[in-house]
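Peer 1: Quick one: this structure, given as structure tokens, is what I'll be asking you about.
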Amino acid sequence: SASNGNVTFAVDSTTALAGSTRTIDGTDVSTGGGTLTASALAGNVVEVAGAGIDVSAAGDAAGGRATFSAPQGTVTLAGALRGTATDPVRGATLALDGLAVPSLDAVAAIQQQAGGNFSGALDLRQRGADDMSLAAGHALAADTVAIAVDGGALAVAGRVDAGGSAAGSIELSARGDFW
57 SASNGNVTFA VDSTTALAGS TRTIDGTDVS TGGGTLTASA LAGNVVEVAG
107 AGIDVSAAGD AAGGRATFSA PQGTVTLAGA LRGTATDPVR GATLALDGLA
157 VPSLDAVAAI QQQAGGNFSG ALDLRQRGAD DMSLAAGHAL AADTVAIAVD
207 GGALAVAGRV DAGGSAAGSI ELSARGDFW
């Protein structure tokens with residue numbers, strides 16, 4: 057967390073919060089993914105290309121949570137980002153909150169980095185005036201999908217899917233037009 061400045065995940069850095077499996081008295085015990093909160097109150101949160109962050113679960117445990125917050129700045133995610141779980145209902149959560157956040161197409165690409173990547177929840181909030189859009193042929197899929205565009209429009213030509221093994225929820229909101 058930075059109260060005045062940026063939070064940066066540098067090239068070749070690894071932030072490993074993935075769960076693990078250990079054998080205890082002959083029984084495998086798996087742990088869930090951890091929780092990462094990267095917050096820059098007056099700056100930017102940047103994951104550069106070549107950085108890696110992992111909040112995946114081990115075995116049948118629950119995925120973790122990766123939260124990136126820059127309410128007065130930009131959230132940039134250009135490195136590898138993993139949040140997987142063997143059971144999609146117990147998938148990891150990706151939460152983005154910033155004046156500017158990665159495009160919805162970029163979030164869809166993050167989900168494509170690994171099967172079931174961040175299938176638990178996507179919680180995306182862009183506070184700035186820019187529009188957000190999901191292009192045709194791109195998909196966001198999680199048990200819960202929430203997208204809020206505080207100052208612009210929201211255009212969805214792609215697919216937003218919360219229809220996993222159990223019915224989920226989709227919440228879309230925009231100050232401007234929605235189409």
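Counting from 57, one number per residue, gives the positions in the sequence shown under my numbering.
Cβ coordinates follow ideal geometry from the N, Cα and C atoms, glycine included.
Predicted, not measured: the structure shown is a model, and the values here were computed from it.
Tell me the residue span of the alpha helix (DSSP H) that contains D161.
Peer 2: D161 -> alpha helix (DSSP H) spans 160 to 167.
Peer 1: Taking the alpha carbon of V111 as the reference point, which residue from T200, T79, G176 has its own alpha carbon closest?
Peer 2: Among T200, T79, G176, the Cα nearest to that of V111 belongs to G176.
Peer 1: Which word fits V145, buried or exposed, when buried means at least 16 other C-beta atoms lie within 10 angstroms of its C-beta?
Peer 2: Under this definition V145 is an exposed residue.
Peer 1: Of the residues R138, R181, G154, L228, which one's Cα is nearest the Cα of L73?
Peer 2: Of the candidates R138, R181, G154, L228, the one whose C-alpha sits nearest the C-alpha of L73 is R138.
Peer 1: Just to confirm the assignment, what range does the beta strand (DSSP E) spanning G129 have?
Peer 2: 121 to 133 is the span of the beta strand (DSSP E), which, as asked, contains G129.
Peer 1: Helix, strand or coil: which one does DSSP assign to R183?
Peer 2: It is coil, neither helix nor strand.
Peer 1: Can you list, in chain order, the residues of its chain with a C-beta nearer than 6 Å to that of A202? Leave out the 5 residues immediately preceding and following it.
Peer 2: Correct list, in chain order: D179, E227.
Peer 1: Compare the Cα-Cα distances from S95 to each of S69, D153, D161, A192 and report the closest residue.
Peer 2: Considering only alpha carbons, the answer is D153.
Peer 1: Kindly indicate which residue of A148, G99, A98 has the alpha-carbon position closest to the one of T200.
Peer 2: The option with the nearest alpha carbon to T200 is A148.
Peer 1: If distances are taken between C-alpha atoms only, which option among A113, N62, T70 comes closest to S99?
Peer 2: Reading off the sequence shown, one finds Gly at residue 99, where the question assumed Ser. Here the closest residue by C-alpha is N62.
Peer 1: Taking only three categories from DSSP, how would you classify R146?
Peer 2: In the structure shown, R146 sits in a helix (DSSP, three-state: H, G or I).
Peer 1: Skipping 5 residues on each side, what residues in its chain have a beta carbon closer than 6 Å to that of V101?
Peer 2: Closer than 6 Å at the Cβ level, and outside the excluded window around V101, lie V63, A94, F124, A126, V131.
Peer 1: Keeping to the same chain, check which residues put their C-beta closer than 8 Å to that of L92; ignore five residues upstream and five downstream.
Peer 2: Contacts found: T71, L73, I109, V111, G120, R121, A122, T123.
Peer 1: With distance defined between alpha-carbon atoms, name the residue in Q182, A113, R78 nearest to A170.
Peer 2: Among Q182, A113, R78, the Cα nearest to that of A170 belongs to A113.
Peer 1: Compare the beta carbon distance of F234 and L196 with 7 Å and say whether it is the shorter of the two.
Peer 2: No, these two residues do not count as a Cβ contact at 7 Å.
Peer 1: So, S229 versus A204, is the Cβ gap smaller than 7 Å?
Peer 2: Cβ atoms of S229 and A204: closer than 7 Å.
Peer 1: May I ask you to report which of helix, strand or coil DSSP gives G154?
Peer 2: Of the three classes helix, strand and coil, the one that applies to G154 here is strand, per DSSP.
Peer 1: Buried or exposed: which applies to I80, given that a residue is buried once 16 or more other Cβ atoms fall within 10 Å of its Cβ?
Peer 2: Result: exposed.
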